[in-house]
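Residues in the sequence shown are numbered from 12 upward in steps of one, following our numbering.
C-beta atoms are modelled at their ideal positions from N, C-alpha and C, and glycine is treated no differently.
These figures come from a predicted structure and were not determined experimentally.
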Amino acid sequence: MDQHRGEQPPPRRITINDRRKLHPQAAPSAPGDANLKAAAPGPPGDPAAPAASPAPVAPAAPAAPAAPAEANPLEGQLEAARAEAAGYLDDLQRLKAEFDNYRKRIVKEQTGLVERASAGLLYRLLPVLDNFELAVASAEESREFDRMLKGIEMVFGELKEVLNAEGLSAIAAKGQAFDPNYHEAALTVDGQDDGEPYVAEELRSGYTYKGRVLRPSMVKVARRGAS
12 MDQHRGEQPP PRRITINDRR KLHPQAAPSA PGDANLKAAA PGPPGDPAAP
62 AASPAPVAPA APAAPAAPAE ANPLEGQLEA ARAEAAGYLD DLQRLKAEFD
112 NYRKRIVKEQ TGLVERASAG LLYRLLPVLD NFELAVASAE ESREFDRMLK
162 GIEMVFGELK EVLNAEGLSA IAAKGQAFDP NYHEAALTVD GQDDGEPYVA
212 EELRSGYTYK GRVLRPSMVK VARRGAS
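This is how it looks when you write it as structure tokens:
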């Protein structure tokens with residue numbers, strides 16, 4: 012028996028054809044399949060299967076910078092219009108302030124002129140006032156009518172001279188043709204005449220100041236007889 016065992020033939024090697032017979036559904040692997048099989052993970056618990064390496068992650072591309080927003084031409088025009096309006100407002104306020112200052116200065120100057128003119132007139136009237144006081148005092152002492160009348164006439168003459176020098180003139184009235192620009196009819200004499208109206212009597216004197224009527228004469232009007 013030991014001799015029989017020693018004569019047994021050596022085991023037969025399994026060839027590729029034998030494998031095809033055992034697994035006819037297995038298709039021949041293509042040259043490119045070896046790489047896929049090598050990369051594919053083996054069954055669990057298979058020590059021979061190499062560990063699957065993680066797929067390389069491509070680095071994230073840097074974010075592209077945001078494109079600048081296109082400027083709106085209307086906004087630029089609006090800002091320019093606002094700046095121009097602000098400039099006009101500043102000019103107007105400055106002009107208003109200058110005009111207010113000018114108006115105040117003119118009013119002050121005119122008030123000063125009137126005050127100086129009044130002061131000059133009053134200064135020229137002071138001698139008239141002095142002479143009038145002397146005439147009254149003399150009349151009280153003497154009790155003479157003629158001296159009192161003479162003193163009053165003298166003061167009245169001085170007063171007229173001062174007023175005439177300032178531009179005041181009396182309006183001619185009695186016997187003149189009635190002129191409504193210079194005469195104010197207070198009374199009218201009734202009569203049969205239908206001639207030209209004239210000033211029969213002056214009730215209150217009228218005056219002009221430098222050619223302009225300051226106060227018209229108050230008169231009594233009558234009519235001349237028709238010739």
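query: How far does the alpha helix (DSSP H) with Glu169 in it reach, from first residue to last?; result: 156 to 176
query: In whole angstroms, what separates the C-alpha of Ala92 from that of Ala130?; result: 56 Å
query: Helix, strand or coil for Ser129, going by three-state DSSP, please let me know.; result: helix
query: Pull up the distance between the alpha-carbon of Thr199 and that of Arg215, whole angstroms please.; result: 15 Å
query: In terms of DSSP beta bridges, what is Thr122 paired with?; result: DSSP output for Thr122 lists no bridge partner at all.
query: According to DSSP, which residues form a beta bridge with Leu179?; result: Tyr220
query: Mind checking Pro191: buried by the 16 CB within 10 Å criterion, or exposed?; result: exposed
query: Please state whether DSSP places Glu212 in a helix, a strand or coil.; result: strand
query: Mark Pro138 as exposed unless 16 or more other C-beta atoms lie within 10 angstroms of its C-beta, in which case mark it buried.; result: exposed
query: Under 8 Å, do Val210 and Gly186 count as touching if we go by C-beta distance?; result: yes
query: Taking only the alpha-carbon atoms, compute the straight-line gap between Val173 and Leu140 and give it to the nearest angstrom.; result: 12 Å
query: Under three-state DSSP, which class holds Ala233?; result: strand
query: First and last residue of the beta strand (DSSP E) that includes Ala197?; result: 194 to 199
query: Gly56 by DSSP, collapsed to three states: which one?; result: Annotation note: pLDDT 47 at Gly56 (below 50); position unreliable, coordinate value reported separately. In the structure shown, Gly56 sits in coil (DSSP, three-state: anything other than H, G, I, E or B).
query: Going along the chain, which residues of its own chain have a beta-carbon closer than 7 Å to the beta-carbon of Tyr220, five neighbours each way excluded?; result: Gly178, Leu179
query: Indicate the three-state DSSP secondary structure (helix, strand or coil) for Ala148 in the structure shown.; result: helix
query: List the DSSP bridge partners of Ser228.; result: His194
query: Could you compute how far the alpha carbon of Gly87 sits from the alpha carbon of Val125?; result: 57 Å
query: Identify whether Ala188 lies in helix, strand or coil by the three-state DSSP scheme.; result: strand
query: Is Gly206 helix, strand or coil when you go by DSSP?; result: coil
query: Within 10 Å of its beta-carbon, does Gly222 have 16 or more other beta-carbons around it, so buried, or fewer, so exposed?; result: exposed
query: When the Cα atoms are used, what is the spatial distance from Leu136 to Glu164?; result: 16 Å
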